[in-house]
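So the working numbering is basically just the index in the sequence shown, starting at one, shifted up by 557.
Where a beta carbon is used, it is the ideal one built from N, C-alpha and C, also for glycine.
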Amino acid sequence: MKSFIVKARWLVLAGLFGLQTGLPVQAQSSGETLYNVFNLTSEATTEIDNDLMMATLVVQQEHRDPAVLADKINSTMAWAVDLLRPFKTLNVKTRDYQTYPRYDTSQVRRLIGWRATQTLQLETEDFGAAGQAIQQLQEKLQVQGIRLMTKDSTREKASDQLIGEALDAFKDRALLVQENMGSSGYRILDVNIQTGQSNVPMLNARAEMADVMRSSVASEPVVEPGTSRVSVQVFGRVQLD
């Protein structure tokens, strides 16, 4: 079972940071002035395993005749799609067909041909199958990037667990303020819950993928899934009795 790291903090708004020290506050609904109102924030975070990969590969060709160029791109992409048919755990999409003119380096800049590219996107939870497929595709395509992330369902499940942790931490902060201010109790005026994710690894051709691009076609890219951080933050106001 994963262990959740809970970090709670309360900020003293008397300075730049956080806790509003009993100054009068105008109530938004009734217009009455509220006293002994404190702003609090708490946070709960955890690291979860990345379980989804998105890989992008590109085919690029040049030719003087745009029609011939289109045939070459289509032929290579058809080869790639056919190669991927046995990989049942991969979701395959072809995207972004683009054509660019090529000019010489003279001042006249004469048109000397065309360059075309098209990308192929793989999405899967099966990292092993993706590595094998990329290994074979590199015969005719280049790896543009590999992105590792968590599925929506995985992230939402982790967030749901963290919400309870963050709310408990918020109430602990409120109780701490109450006790330190010598109050008999408190009530929560409002609460805002925010969730987020960070540290999504991206391998690209200019960085980590450079070694893969320089390697033999027979080489299978080594990808470590890694983790992503999921966090829940709670912001709210409490009023002491």
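Going by DSSP, glycine 688 is part of no beta strand (DSSP E) but of the alpha helix (DSSP H) stretching over 684 to 694. In the DSSP assignment, glycine 793 falls within the unbroken beta strand (DSSP E) covering 784 to 797. Contact between lysine 650 and glutamine 678 holds, since their C-beta atoms are separated by about 5 Å, short of 8 Å.
Straight through space, the alpha carbons of threonine 598 and aspartate 798 are spaced by roughly 20 Å. Serine 785 counts as buried, since at least 16 other C-beta atoms from the protein chains shown sit within 10 angstroms of its C-beta.
Taking the CA atoms as reference points, glutamine 718 sits about 10 Å from threonine 602. Secondary structure of threonine 646 (DSSP, three-state): coil.
Residue environment analysis places methionine 738 among the exposed positions, since fewer than 16 neighbouring C-beta atoms fall within 10 angstroms of its C-beta. By the Cβ criterion, the region 692 to 702 is not in contact with the region 718 to 730, since fewer than three pairs of Cβ atoms, one from each stretch, lie closer than 8 Å. DSSP, reduced to helix, strand and coil, places asparagine 607 outside both helices and strands of the structure shown, so it counts as coil. Judged by DSSP secondary structure, asparagine 631 falls within the alpha helix (DSSP H) whose first and last residues are 623 to 641.
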